[in-house]
Amino acid sequence: MSEQKRLFLVDAYALIFRGYYAFIKNPRINSKGLDTSAILGFTNSLLDVIKRERPDHLAVCFDKGGSVERTEMFEAYKANRDETPEAIKIAVPYICNILKAMHIPIIEKAGYEADDIIGTLSVQAEKAGYKTFMVTPDKDFAQLVTDNVFMYRPKSFGGGYETWGLDEVKAKFEVERPEQVIDFLGMMGDSADNIPGLPGVGEKTAKKFIKEFGSMEGLLENTHQLKGKMKEKVEANKELGLLSKKLARIMLDVPVEFHEEDFEMSQPDTEAVKTIFQELEFRRLIDNFIKTFAVETETAAQTTGGTTATKPETTAGAGQFSLFDTGTTTTNTVSTDSNQRKTAENASHFYQSVNSPLALKLFLKSLMQQTSVCFDTETTGLNPLTAELVGIAFSWETGKGFYLPFPEDKSEAQTLIEQLRPFFEAEHIQKIGQNLKYDIKVLNKYNITVKGKLFDTMLAHYLINPDMRHNMDVLAETYLNYTPISIETLIGKKGKNQLSMRQVSIEKQTEYAVEDADITLQLKEHFENELGQANTQKLFNDIEVPLLRVLADMELEGINLDVSFLNELSTALNNDIAALQDNIYTEAGEEFNIASPKQLGDILFGKMKLVDKPKKTKSGQFATSEDILSYLAKDHEIIQHILDFRGLSKLKSTYVDALPLQVEPSTGRVHTDYMQTVAATGRLSSNNPNLQNIPIRTERGRQVRKAFIPKNEEYTLLAADYSQIELRIIAALSEEETMIEAFKNGEDIHASTAAKVFNVPISEVTREQRSNAKTVNFGIIYGVSAFGLSNQTDLSRSEAKDLIDTYYKTYPKLRNYISEQVDFARDNGYVQTVLGRRRYLKDINSRNAVVRGAAERNAVNAPIQGSAADIIKLAMIKIHSKLNEGAFKTKMLLQVHDELVFDVYKPELETIKALVKTEMENAYQLSVPLDVELDTGNNWLEAH
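Oh and the sequence shown: position 303 is 616 in this note's numbering, straight run, nothing missing.
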């Protein structure tokens, strides 16, 4: 007897939304600026189901126009849903094209939801002898489960699927029959679909009623058994309860028919699928698709003509020129179809290792004859301060390259690197690399300085497409249709069993390392053209690349840390946290886990009932996020104590206790890693440790800065801070004369603004008026609303609106500038800084008002933030150059927002102060003077 056939019905929008939100913190944006998150997420899920289950029959079901019948029953049905994100609207046509190319049927019916289509088809398929699996995370489908109909649910946090049959549904909903799930949903309602349910009935009560009365009707017929308020509520809302049950019931009579031949899985149109994936830049998904449908043999035969790739190990392939005949060589001469994904297995290449005296001599001679060379270091680890060289790869011609292995003995390694010193210090040879800052820092350990012009592919791509990821694998797949060798195939996955690169054979090291150099060389040629097309070549050459060297020196220098002070501060924080905890317990009337959002919500909003209608999360628990609590803090002392508790706990764990662990033992200092390619605005970010987010608004937060101290007693810390640079930039860019004059006259800009807005002499401006003007001044950059301003001040919403209106009347050119920036963005798809750094705004013409509004705010603040970032970068480059030219002992240590911190040799202090102030204030000429405030101290807090 043959096995029972299986039908899989996919709830399209449920998986599309799930895929989109899976990438919400790190959206997948391709090189054309298209948000492909929803498409990628859905397609991955679909292929996963097919690969795991190998279904006989499959279809994907879509909503089309919503449920007409339910809307007629209840006009507010689903009325509270947010508008569909723009990225999902864009995704659906692509997904439909993918499904068509895969020969997977799309089922939709105008006026019906996918739930109803799936329900109807599952009934028909069961009658035809099929087992049906409904692929959806939506719990509503539980009502359809039978002996032959199952829910196939993606797990919440990845990691596969779970199947719900009769037993699972009965246990989950505490019912005797799946049909009772309809009653359960009708009683408790559904906020997502705006099904009202019975007032006051939640999940626990609904389950209790089902056990006692069996159904909605059973409950309504026996309300005399209920007591108190619940009895009143249920009796007063009988009609609402019956309506809610009707709304929750999935229809089983949609005019669709199950004809098994139409749902049968068949071979996809492989080339059509690959074409769509290539357009979307889904390089890895092509491989996943091919493996899923087991078409790799057919594809290989089509694209290589049946040729089998061979890789001679010690001789050059046909037509290849070998620089020398000694050493390990890896070659591949197979030519591939342009549409096939390229790898080391199928792409022509010729990589040689340099591991004999003769080979080294010939290699060095050829190396020094080049004008542009890509190099890539292979090391024992990721920390450049401790990593040792295992080898260096070189490439100066596409598809060719060399690998120079390094001995483990340090003196022998130094002897070898000395032979490369002429290359690295040659001013006439351009050096190319991916994340060159790392290589420069590694080579510094060997007393090697990398001179000459640099080209960093990671930085180049950051300027071309700042919102995309910039790691080499992604760039290779996106721009070269090439999948590089994974490091895990050489050394294994992270963990105690992971190998060191030294333990890998020279042949594998050669193939892996030279491939990196070869691919980076090819990317350089590609990006060089794109930099020109985007008019960002000058920004690349004059700012980002020179800054790379500056940051490398700053990171190598590091900063001294007073660990004993942090230990004392940790003890003091423990006491503060314990005191706050006791206060909170007293105010709550019981002890609980303050760090648990659920327990905290239950105390504040369940037990103490601090607000009438508290917000809830999607999982149904009370929301206790920072923004919600901050809004309530001024009215409830316990909430302020909780916010203080959270702040001190985070400060202690993130900085006070963590910083001492990040002191590098080999230097005794802290070495942050500055990243140039993270913030789309152009601002630097720092990591390991992050020194840019140390809180400075609280006394305890400021104390952390006290732990950063000079090198020794011969040094002092100098902090140089741009004063109100963003306001100066907006004044200059908007050409607002009133504001420009205030800066030129050295006035207090906030007092000056207050005087004009409140129509009083500047000498009579009150502290409150200045404070409100300051909030508006900075808020304008970020599109502050009357609601936002009233939350940040003591003003009512109407007073805040009047203040903003008056502000714009006072500074009319500022409002014009804001409108012009938005218009420019709408026409061009980007805005730019004073130096031409672009911020692309893909949502600027979105039909979704919320999404569009965010893009409009970015259109205004990105040029301001980005220009400030560009200016401080210019200052850093100029100061670094002056410090080197003057052979000063003083070192630049940190860049934090608009501030630079220096370790100043005391005899040089006055000279350095003049130098820093001059270079920072003259880094870029605006119509408004730049002003820099300087201060010194025995620690960073004193100097700030």
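Cβ coordinates follow ideal geometry from the N, Cα and C atoms, glycine included. Note that the structure is a prediction, hence the values are computed from the model and not measured.
Among the options, nearest to residue i - alpha-carbon criterion
i	options	result
TYR664	ASP831, MET564 and LYS674	ASP831
PRO434	ARG383, ILE563, LYS1186 and LEU803	In the sequence as presented, Pro is not what sits at residue 434; that position holds Leu. Taking only the C-alpha atoms, the option nearest LEU434 is ILE563.
LEU1187	ALA1172, ASP1211, GLY808 and TYR407	ASP1211
PRO368	ILE408, THR356, GLU426 and LYS444	LYS444
PRO1262	SER1076, LEU869 and ALA672	With the chain running from 314 to 1257 in the structure shown, residue 1262 is simply not present.
PHE783	TYR1218, THR990 and PRO512	The question names Phe, yet the displayed sequence has His at residue 783. Cα-wise, what sits closest to HIS783 is THR990.
SER380	ARG341, ALA404, GLY424 and ASP348	GLY424
GLU525	ASP1183, GLY515, GLN538 and GLY513	GLN538
ILE495	ASP480, PRO1008, GLU481 and VAL458	VAL458
TYR390	GLY527, ASP503, ASN550 and THR693	ASP503
MET785	ASP451, TYR825 and ALA946	TYR825
VAL586	MET501, MET578 and ILE411	ILE411
VAL827	SER666, GLY1179, SER799 and VAL362	SER666
GLY510	ALA484, PHE486, VAL488 and ALA549	ALA549
PHE375	ILE417, PHE336 and ALA335	ILE417
LYS723	PHE715, GLY712, LYS713 and GLY704	GLY704
PHE688	GLY1059, GLU1246, LEU675 and LYS713	LYS713
LEU864	GLU1027, THR967, ASN1085 and LYS1191	LYS1191
LEU1196	ILE1185, ASN1174, ALA1167 and LYS1226	LYS1226
Cβ shell of residue i (< 6 Å), same chain only, five flanking positions each side left out
i	result
GLU900	ILE951
PHE1071	GLN1082
LYS1155	GLY346
LEU498	ALA561
GLN1105	THR1088
ASP855	none
GLU1049	TYR1124, LYS1126 and LEU1127
Nearest-angstrom Cβ-Cβ length linking residue i and residue j, presumed shorter than 8 Å
i	j	result
LEU756	PHE737	7 Å
VAL976	VAL876	7 Å
ILE890	LEU836	About 50 Å; that fails the 8 Å criterion.
ASP324	VAL448	6 Å
ALA657	ILE798	6 Å
VAL686	ILE761	That belief does not hold up - the Cβ atoms of VAL686 and ILE761 are roughly 15 Å apart, past 8 Å.
Alpha-carbon spacing of residue i relative to residue j, whole angstroms
i	j	result
SER943	ARG959	12 Å
ASN778	ASP1034	30 Å
TRP709	GLN682	11 Å
PRO1176	LEU812	46 Å
SER909	PHE935	11 Å
ALA1020	TYR1121	43 Å
THR833	TYR792	11 Å
ARG1018	LYS1219	21 Å
ASN1235	LYS754	30 Å
GLN894	GLY902	12 Å
SER651	ILE430	Low confidence applies here, because SER651 scores a pLDDT of 48, under 50, leaving its location unreliable and the question unanswered by this model.
GLU421	GLY442	23 Å
ASP957	VAL983	28 Å
THR1043	PHE1091	In the sequence as presented, Thr is not what sits at residue 1043; that position holds Ile. Approximately 10 Å between the Cα atoms of the pair.
ALA726	MET781	38 Å
MET1052	THR1123	10 Å
LYS306	PHE522	Outside the displayed range of the chain (314 to 1257) lies residue 306, so it cannot be described from this structure.
Proximal residues to residue i (C-beta, below 8 Å), its chain only, five neighbours per side dropped
i	result
THR476	PHE446, PHE463, MET464, TYR465 and ARG466
HIS839	TYR792 and LEU793
TYR333	SER350, ALA351, GLY354, PRO398, ALA400, ILE401 and ALA404
GLY1142	GLY346, TYR1153, LEU1154, LYS1155 and ILE1157
Cβ-based neighbour list, residue i, same chain, cut-off 7 Å, excluding 5 preceding and 5 following
i	result
ARG1041	PHE1056, LEU1239, VAL1241 and LEU1243
ALA1099	ARG1110, ALA1113, LYS1114 and ILE1117
PHE387	LEU556 and LEU560
MET771	GLN747, ASN748, HIS783 and THR990
ASN339	none
ARG996	GLN1178 and ALA1182
ALA614	Residue placement at ALA614 cannot be trusted, given a pLDDT of 33 that sits under 50; what the coordinates show is reported in the next sentence. For ALA614, where only same-chain residues beyond five positions count, there are no Cβ hits under 7 Å.
Any non-hydrogen atom of the ligand FMN closer than 7 Å to residue i Cβ
i	result
LEU913	The ligand FMN is not among the ligands present in this structure, which contains no ligands whatsoever.
- request: Run through the segment 766–796 for me and flag every whole alpha helix (DSSP H) of 4 or more residues, listed as ranges in chain order.
  value: 770–777 and 785–792
query: At which residue ranges does the segment 528–606 contain complete alpha helix (DSSP H) runs of 4 or more residues, listed in the order of the chain?
result: 529–534, 541–549, 551–561, 573–576, 583–593 and 596–605
task: Return the chain-ordered ranges of every alpha helix (DSSP H) run that is complete within the segment 787–857 and spans a minimum of 4 residues.
output: 801–804 and 819–846
query: What are the start and end residues of each continuous alpha helix (DSSP H) run of 4 or more residues lying completely inside the segment 370–403, in chain order?
result: 381–386
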